[in-house]
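There are 2 protein chains.
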Amino acid sequence: MTEAVGDCSERTLIARLRGRLDAPPSFVRIGPGDDAAIVEPPRNFVEAVTTDVCVEGVHFDRAFVPPNAIGHRALAVNLSDLAAMGAAPRIATLSIVMPPALPLADFDAIVDGFTALAREHRAALVGGNLSRSPGPLVVDVAAIGAVHGRKVLTRAGARPGDYVYVSGSLGAGRAGLARCRASGHGDIGQDAVDVRTRYLWPRPRVRLGLLLGRTGAATACMDLSDGLADGLVQLAEASGRGIRVDGSLLPIDPEARQWFESRGEDVLQRALAGGDDYELLFTVSPRRLGRLRAAARLTHGLSLTRIGQVTATPGVLVESGGTANPVTAGYSHFGRD
Amino acid sequence: MTEAVGDCSERTLIARLRGRLDAPPSFVRIGPGDDAAIVEPPRNFVEAVTTDVCVEGVHFDRAFVPPNAIGHRALAVNLSDLAAMGAAPRIATLSIVMPPALPLADFDAIVDGFTALAREHRAALVGGNLSRSPGPLVVDVAAIGAVHGRKVLTRAGARPGDYVYVSGSLGAGRAGLARCRASGHGDIGQDAVDVRTRYLWPRPRVRLGLLLGRTGAATACMDLSDGLADGLVQLAEASGRGIRVDGSLLPIDPEARQWFESRGEDVLQRALAGGDDYELLFTVSPRRLGRLRAAARLTHGLSLTRIGQVTATPGVLVESGGTANPVTAGYSHFGRD
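These protein sequences, in sequence, are chains A and B. For what it's worth, this note's numbering labels the leading residue of the first sequence as 37, then goes sequentially. For what it's worth, this note's numbering labels the leading residue of the second sequence as 37, then goes sequentially.
And the structure:
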């Protein structure tokens, strides 16, 4: 019989979790185990603080998201937020609310997925909380990063004439989710080249965010967790400006394009609406394109695509086939999809 | 018909939440609304970081815990952890995972219960996350406080001969929970004098924790969220020592005692096992009783009771009726109560 978390005491599970963690960095004076962790704050930097919760049945489906991907994604969405502020990850906390029937091996895998990504980005897990649940699996993460006070990237700095860029490609998150739903994750690992990998193992653009902040290349930045249309509207609103996008320039993932086309779906609409891409959307002053090129040389081949320009007039317009259509933030209904 | 959170968009709920927050303190450079908040770290202090999750059906029952008490308690358990480290609260994040049928008025009340306690302890809500849930209501909070690097209170500093103290009274949390279960909360407010109030509106001992740290009175400290027996064992183990407690000295709440006695329950066992008291357990060197008295004068009348002494021999013993009985940490089963 498979051992489940419900067969263990909370102490056993905490010990099990701690046994899977790396030794903390020296700025963590006291790690997990006391009433709170004790952490030296960054010197001469400010802190970026974010939190994001992943709920089974809302943000992920255990039928096709393997447990290590659940742990990976729960941290990735938070690191993506830090990246969008130009902050380097430092510490994170992890709360897992688990149905008692959750297999112990799945618990281990959630923790391992989390810690593998944490290790890659040098984020130390300093605190956590385990609880059982009469309902779905919930993984809640708070993450804190460090950024120089004058290098913070916000959504609010875009100025008319700035170019609008997006990193990587669009649509892979949505197409990956659709493919997972249709086929299950099978044995898709992180190394596979497949839109499912892009959905299951998103790569937060931490390095790009740091470079955009440090070089001063970007005037505004945010991440695309809720899709490009939502991002464009949020960034334009926060900056009190508008954005005009050329739909033909969107870097739509080829496999995602093929997937949408084969289903007769509107590729442009899918790329605009689709979430889960965790790319960065940012604006660059034309006078600072040299800084952007300098940053781009250090992003390990991550593509940066110019898709439009900031306008003085508020509102977001997407040009396609000779017409310019207004884009509004998706009405995300809280009660259902 | 009652409006529910499921009738709203996430944006509407976030706007509603933000409208209920106080203006942030000046060290919060960017509050909620961007990808992450930007906070100036404390100068010359270290940070205490903690997180605690409250799950409906596990940690609270909506049948008798009113929504503002749910918000209050979710923050209180975290502030209690900060207090146990000697840290002053600074910032907090709040994640609420909600069934769509949750009335909007309840959502408001959860936020108001949280912010009222945050205001009292000068903790700024800098980030949050709202999600719907196909299951129970989950409220997850992370809190960060500041403490001087040489004034941190841990569980590990107790030395043989130190006196063992507990703040306030014991048993009220458990008796309050039992009374709530039996009678419902009715219209019990925070000002009522009743064990139900103690369960519903726990007062984290933030001021005491600060005083114990700043004066150097305590050698070790922790909070009693999981009960006195658990606390004694944890503190003794972390310090590599033992503790001998005189059961007759335990400051058992009179109303709680009456409640347990009227049900034929073992009062001492109930006081040892009972959680939800959020008092501080701490040890004091006999040479530093002067410092403790100095601290005690500033605690606004909160009683501090000496209940035992630290021993060189490991293990926790409770003397009662001429015999000394060993105490072990409660086997808290993860799968069920």
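Note that the Cβ used here is the ideal one computed from N, Cα and C, for glycine as well. All values reported here derive from a predicted model rather than from experimental measurement.
Quiz item: Excluding five sequence neighbours on each side, which residues of the same chain lie with their C-beta closer than 6 angstroms to the C-beta of Ile-74 (chain A)?
Solution: Arg-65, Ile-66, listed in sequence order.
Item to complete: Compare the C-alpha of Asp-43 (chain A) against each of A:Arg-327, A:Leu-285, A:Met-134 and name the closest.
Response: A:Met-134
Exercise for review: Determine contact between the segment 230 to 242 of chain B and the segment 206 to 220 of chain B, defined as no fewer than three beta-carbon pairs at a distance below 8 angstroms.
Suggested key: yes
Q.
Between Val-91 (chain A) and chain B, is the shortest Cβ-Cβ distance under 8 angstroms, so that the two count as touching?
A. yes
With a cut-off of 8 angstroms, do at least 3 Cβ pairs link the segment 250 to 269 of chain A to the segment 315 to 323 of chain A? yes
Is Leu-118 (chain A) close to chain B? Criterion is C-beta to C-beta, closer than 8 angstroms.
yes
inquiry  = Let me make sure I understand the geometry here. Which of B:Leu-328, B:Asp-312, B:Leu-268, B:Arg-293 has the alpha-carbon closest to that of Pro-362 (chain B)?
reply    = B:Leu-268
Q.
Which residues does DSSP list as the beta-bridge partners of Gln-270 (chain A)?
A. BP columns for Gln-270 (chain A) are empty, so no partner.
*asked:* Residues of chain A with CB closer than 8 angstroms to the CB of Val-269 (chain B), please, in chain order.
replied: Residues of chain A passing the Cβ test: none, with the nearest at roughly 11 angstroms.
Checklist entry - Which value, in whole angstroms, describes the spacing of the CA atoms of Glu-156 (chain A) and Asp-313 (chain A)? => result 19 angstroms
Subject >> Buried or exposed by the 16-neighbour rule on C-beta atoms within 10 Å, applied to Thr-129 (chain B) >> reply: buried
Closest to Val-162 (chain A) by C-alpha separation, out of B:Ala-274, B:Ala-178, B:Glu-355, would be which residue?
B:Ala-178
Margin query: Is the separation between the beta-carbon of Gly-311 (chain A) and that of Arg-210 (chain A) shorter than 8 angstroms?
Written below: yes
Touch check for the segment 350 to 357 of chain B and the segment 268 to 279 of chain B: three-plus C-beta pairs under 8 angstroms?
yes
Task: Contact list for Ser-131 (chain B) against chain A, beta-carbon separation under 7 angstroms - done: Thr-87, Val-89, Asp-176
- Item | Boundaries of the alpha helix (DSSP H) in which Asn-104 (chain B) is found, first to last residue | 103 to 120
Next on the checklist: The beta strand (DSSP E) that contains Ala-254 (chain B), what's its start and end?
Outcome noted: In the DSSP assignment, Ala-254 (chain B) falls within the unbroken beta strand (DSSP E) covering 254 to 259.
| field | Spatial distance of Thr-151 (chain A) from Ala-72 (chain B) (CA atoms) | value | C-alpha separation (whole angstroms): 21 angstroms.
Starting from Arg-191 (chain B), find everything on chain A with Cβ-Cβ shorter than 8 angstroms and list it in chain order. Chain A residues near Arg-191 (chain B): Asp-70, Asp-71.
| said: With DSSP as the reference, identify every bridge partner of Ile-66 (chain B), one or two as the case may be. | reply: When beta bridges are read from the DSSP output, Ile-66 (chain B) appears opposite B:Ile-74.
CA-to-CA distance, Leu-271 (chain B) to Ala-208 (chain B), given in whole angstroms: 22 angstroms
DSSP puts Val-89 (chain B) in a beta bridge; with which residues? B:Asp-176
key: Unbroken alpha helix (DSSP H) run spanning Pro-290 (chain A), endpoints   = Boundaries of the alpha helix (DSSP H) around Pro-290 (chain A): 290 to 298.
Look up Arg-52 (chain B) in the DSSP assignment and say whether it is helix, strand or coil.
helix
query: Whose Cβ in chain A lies nearer than 8 angstroms to the Cβ of Pro-77 (chain B)?
result: Pro-77, Pro-78, Phe-81, Val-82, Glu-83
- Query: For the beta strand (DSSP E) that Tyr-199 (chain B) lies in, which residues bound it at each end?
  - Reply: That run of the beta strand (DSSP E) goes 199 to 203.
**OP:** Report yes or no: do the segment 179 to 187 of chain A and the segment 239 to 256 of chain A share at least 3 C-beta pairs separated by less than 8 angstroms?
**Re:** yes
Nearest chain B C-beta to Asp-259 (chain A) closer than 8 angstroms, yes or no? yes
Would Thr-86 (chain B) be called buried (16 or more neighbouring beta carbons within 10 Å of its own) or exposed? buried
Next on the checklist: So for Leu-334 (chain B), helix, strand or coil by DSSP?
Outcome noted: coil
Review point. Would you report the Cα separation of Arg-54 (chain A) and Ser-169 (chain B), rounded to the nearest angstrom?
Key: One C-alpha to the other measures close to 28 angstroms.
Quiz item: Relative to chain B, which residues along the segment 139 to 171 of chain A have a C-beta separation below 7 angstroms, given in chain order?
Solution: Val-162, Gly-163, Gly-164, Asn-165, Ser-167, Arg-168, Ser-169, Pro-170, Gly-171
| Secondary structure at Glu-301 (chain A), three-state DSSP: helix, strand or coil? | coil
task: Report the three-state DSSP secondary structure of Asp-262 (chain A) (helix, strand or coil).
output: coil
Just curious, the beta strand (DSSP E) that Phe-318 (chain A) is in, first and last residue?
-> Start and end: 316 to 320.
- Query: Who are the neighbours of Ile-66 (chain B) on chain A, taking C-beta pairs under 7 angstroms?
  - Reply: Thr-190
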